[in-house]
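Visitor: First the structure, then my questions, so here it is.
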Amino acid sequence: MKNSLVEKSKKNNQRKDPSHPGRRKRLIRKPCYMAFLDFEKAYERLPWAVLWKSLRGGGVPERLITFVKDMYEDPKAAV
1 MKNSLVEKSK KNNQRKDPSH PGRRKRLIRK PCYMAFLDFE KAYERLPWAV
51 LWKSLRGGGV PERLITFVKD MYEDPKAAV
């Protein structure tokens with residue numbers, strides 16, 4: 001009984017460990033999005049509606065578009 005609990009614990013720890021080969025394999029298959037946003041003058045002449053439509057047309061998930069929209073439409077910063 002004790003050995004089976006130890007084995008289950010090891011298996012659970014391996015599933016949670018990002019360096020475990022099985023976990024890495026699952027992580028690799030997930031989509032990854034990365035963007036560099038230059039806020040200074042990147043889109044000052046482009047209507048934002050065109051940008052959002054372009055992102056949707058490119059298959060960008062709505063959740064990510066909303067995230068980017070929030071940064072542009074109500075930018076706030078604190079130091």
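Residue numbers for the sequence shown follow the UniProt record's numbering, so the first one is 1 and each next one is one higher.
Glycine included, every Cβ here is placed at the ideal spot set by N, Cα and C.
Computed from a predicted structure; not experimentally measured.
1. At which residues does the alpha helix (DSSP H) containing lysine 53 begin and terminate?
2. Pull up the distance between the alpha-carbon of proline 31 and that of leucine 55, whole angstroms please.
3. What's the gap between the Cα of valine 50 and the Cα of glycine 57?
4. In terms of residue numbering, what span does the alpha helix (DSSP H) encompassing valine 68 cover?
Guide: According to the data block:
1. As a working note, residue 53 is residue 53 in the sequence shown. Here the alpha helix (DSSP H) through lysine 53 covers 48-57.
2. Sequence index remark: in the sequence shown, residue 31 carries index 31 (1-based). Sequence index remark: in the sequence shown, residue 55 carries index 55 (1-based). Near 16 Å, if we compare the C-alpha coordinates of leucine 55 and proline 31.
3. What you label residue 50 is simply residue 50 of the sequence shown in a count that begins at 1. What you label residue 57 is simply residue 57 of the sequence shown in a count that begins at 1. Those two C-alpha atoms are separated by around 10 Å.
4. The sequence position of residue 68 within the sequence shown is 68, counting from 1. Counting along the chain, the alpha helix (DSSP H) containing valine 68 begins and ends at 62-73.
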